[in-house]
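Colleague:
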Amino acid sequence: MARLPLLPTLIPLLLATLATTALAAASLPLTPCRLSNVAQEARCGTLQRPLDPAQPQGRQITLQVALIPALARNARQDPVVFVAGGPGQSAVDLAAHALGLFPRLLNRRPLLLVDQRGTGRSAPLYCDDRASPTRPLAELVDARRLPGELAACRQRLQQLPHGDLRHYTTTVASADLEAVRQALGLGPLNLFGGSYGTRAALDYLRQYPGSVRRLLLDGVAPPDMVLMHSMPTDQRATLDALLASAEAHRPGLAQRWQALLAAPARDWPVRHPFSGRDETLPVDSALLAALVRPALYQPALAAALPSAIDRAAAGDLGPLLALALPGPSPSGRPGLAQGQHFSVVCSEDAPLLSTQAAAATPDPAGTEALYRRICADWPRASVPPEFYRVPVSPVPVLLMSGGQDPATPPRHAQRMLQALGPKAVHALVPQAGHGVSSLGCLRELMHRFIDADDDSAALAAAREGADCAKDVPRPTPWRALSETAP
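What the sequence shown shows, in mature numbering (1 follows the signal peptide of the UniProt record, and there is no 0), is residues -24 to -1, 1 to 462, in sequence order.
(1) Under 8 Å, with one C-beta from each stretch per pair, do the stretch 367 to 384 and the stretch 190 to 208 reach the 3-pair mark?
(2) Could you round the C-beta distance between T95 and Q65 to whole angstroms and report it? I think they count as a contact, below 8 Å.
(3) At 4 residues or longer, and completely inside the stretch 169 to 241: list those alpha helix (DSSP H) runs for me, N to C.
(4) For D381, does the count of other Cβ atoms within 10 angstroms reach 16, so buried, or fall short, so exposed?
(5) Measuring CA to CA, which of C322, A15 and H225 is closest to Y144?
(6) Under three-state DSSP, which class holds V14?
(7) Using DSSP bridges, identify the partner residues of A256.
(8) For A1 and H410, I'd like the C-alpha separation in whole angstroms.
(9) Is DSSP giving residue 468 helix, strand or coil here?
(10) Using the DSSP secondary-structure output, state which residues sit across from residue 473 in a beta bridge.
(11) List the endpoints of the continuous alpha helix (DSSP H) containing T7.
(12) Which whole-angstrom value is the C-beta distance of D200 and T146, which I expect to be below 8 Å?
(13) Our contact map puts R348 next to L329 with C-beta atoms below 8 Å; I'd like the distance itself, whole angstroms only.
(14) I think A42 touches L11, with their Cβ atoms under 8 Å apart; what is that distance to the nearest whole Å?
(15) For A(-3), which of helix, strand or coil comes out of DSSP?
(16) Give me the Cα-Cα distance between G186 and E154, rounded to the nearest whole angstrom.
(17) Would you mind reading off the limits of the beta strand (DSSP E) that contains V145?
(18) Would you identify the three-state DSSP class for N166, choosing helix, strand or coil?
(19) So, V412 versus S369, is the Cβ gap smaller than 9 Å?
(20) For the beta strand (DSSP E) containing V90, list its first residue and its last residue.
(21) Which class does C129 belong to by DSSP, given the choice of helix, strand or coil?
(22) Decide if the stretch 41 to 55 is in contact with the stretch 78 to 92; the criterion is three or more beta carbon pairs, one per stretch, under 8 Å apart.
(23) Tell me the rounded alpha-carbon separation between R80 and H423.
(24) Since V156 and R93 should fall inside the 8 Å C-beta cutoff, what is the C-beta to C-beta distance between them, to a whole number of angstroms?
(25) Measuring alpha carbon to alpha carbon, tell me which residue in R419, P453, W454 and D447 is nearest A438.
(26) Under 8 Å by Cβ, that's how I've got L141 and S358 pegged, so tell me the actual separation to the nearest angstrom.
(27) Considering only the beta carbon of each residue, do S98 and L47 sit closer than 9 Å?
(28) Give the range of the beta strand (DSSP E) segment to which V56 is assigned.
(29) Would you be able to state if there are at least three C-beta pairs under 8 Å between the stretch 214 to 231 and the stretch 274 to 283?
(30) What three-state label does DSSP hand L153 in the structure shown?
(31) What's the C-alpha gap between L6 and R19?
(32) Determine the DSSP secondary structure at P275, reduced to helix, strand or coil.
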């Protein structure tokens, strides 16, 4: 899953070939447009969809669609579809990121981006209370404020024309994507999903197997993975591995971290990383656990955590805050549509909490309790039982995992590998974090996997390249300039 806002513990024109064939009979007209941080001209359009699928003639919502055409004159007609994570991220806002993942592939294939309902400009469900990174730290990071703020946001969202929060689940979003495919006159799609996007892509494959050509899943979140239940276990495993790796250079670091968690809550003097203001911040074990989580997603940032933890043990919380707080969003919107996030999680994950034992791993950040409290009042949809079952895949599937991922570690991909059957291959990068597809050799692997003419060639390419990044090392731990080298 994508990083939650700190609290969660919490082409020029379409090429002639494409335009005159696949899109000739399209009922979704596209016009030239510009996307944030993308130099190439895109084509954008909207599609009307029923808010409630059971009432197709009832209230409608508008889906935002963007297509970045391929550059080659003889472009292929099967686009790559970038399915965003979160849940709550906008695919269109992440266009520049998606382009960076497929630099060679998109010479020959267009990139299709659809803002999932509830995100971006598709019936957006944003709570913008925490959008400004310069707000007082106590307002930004105090998890105790979140249930009340979200309750107020929920009430505001429910007043919107599209405010029935029961109609934003993954299964409905899959039907939206299929409607876009049909409206554009496209054949089978090459789906790339990251984090929660893997769950969405798996559901699309389940519902519309004939509409998928290839499936790529980076940081696998199975449909039956309960976010708030697995998060404490997976975060603890990643943090423990990091602390153990730092033991040689920082003896006793794990003990100092445990002492920080065990210390009584107190007010700490801090300097705001963005505003520069001197403030007083109430600090307890829940906040400390939340502060270390964001950096764990990226090993290059996690390499700074040992030093930051030692600075915190010495009374300076500044480095941990700097690593944890997100900067301004390039789109001007919050990075996560919290209304859509909780509409998905409270409908799909929360009902499974009653069937699973409480996490054996300590949860100092209080993640499960926080979600239980929020979901208790959040409107829920009824999710069909088959949503949680992953059938054998009729098409090639490439699963990718980072061994140090605190959100979707390899254990989840291994389960899906067994469920998806013989046409699935798992590429594991032992020292990588959340999201490995940006690594150079994996971008090449994805290119070969999608570009292969038939399934046998695609699977052969996946198996041959699955270990290409197994020797990527863990980044060297950072050391503050003020620290003495060992």
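Glycine included, each C-beta is placed from N, C-alpha and C at the ideal position.
Bear in mind that the values here come from a model prediction, so they are computed numbers and not experimental data.
Modeller: The answer reads as follows:
(1) yes
(2) 6 Å
(3) 172 to 183, 203 to 221 and 229 to 238
(4) buried
(5) C322
(6) coil
(7) In the sequence as displayed, the identity of residue 256 is Thr instead of Ala. Paired residue(s): P245.
(8) Residue confidence for A1 is low, a pLDDT of 48 falling below 50, so the modelled location carries little weight and cannot support an answer.
(9) Within the shown structure, residues of the chain are numbered from -24 to 462, placing residue 468 beyond reach of any answer.
(10) Absent from the model: residue 473. The displayed extent of the chain is -24 to 462, so no value can be given.
(11) No alpha helix (DSSP H) contains T7, which is instead part of the beta strand (DSSP E) from T7 to C9.
(12) No, D200 and T146 are not in contact; Cβ-Cβ is about 12 Å, not under 8 Å.
(13) 7 Å
(14) 6 Å
(15) Note on A(-3): pLDDT 44, under 50, position unreliable in the model; no value is reported.
(16) 11 Å
(17) One detail in the question is off: residue 145 reads as Thr in this sequence, not Val. No beta strand (DSSP E) contains T145, which DSSP labels as neither H nor E.
(18) strand
(19) no
(20) L87 to V90
(21) helix
(22) yes
(23) 7 Å
(24) Incorrect: roughly 11 Å between the Cβ atoms, too far for contact.
(25) R419
(26) Not a contact, Cβ separation roughly 13 Å.
(27) no
(28) V56 to V59
(29) yes
(30) helix
(31) 5 Å
(32) helix
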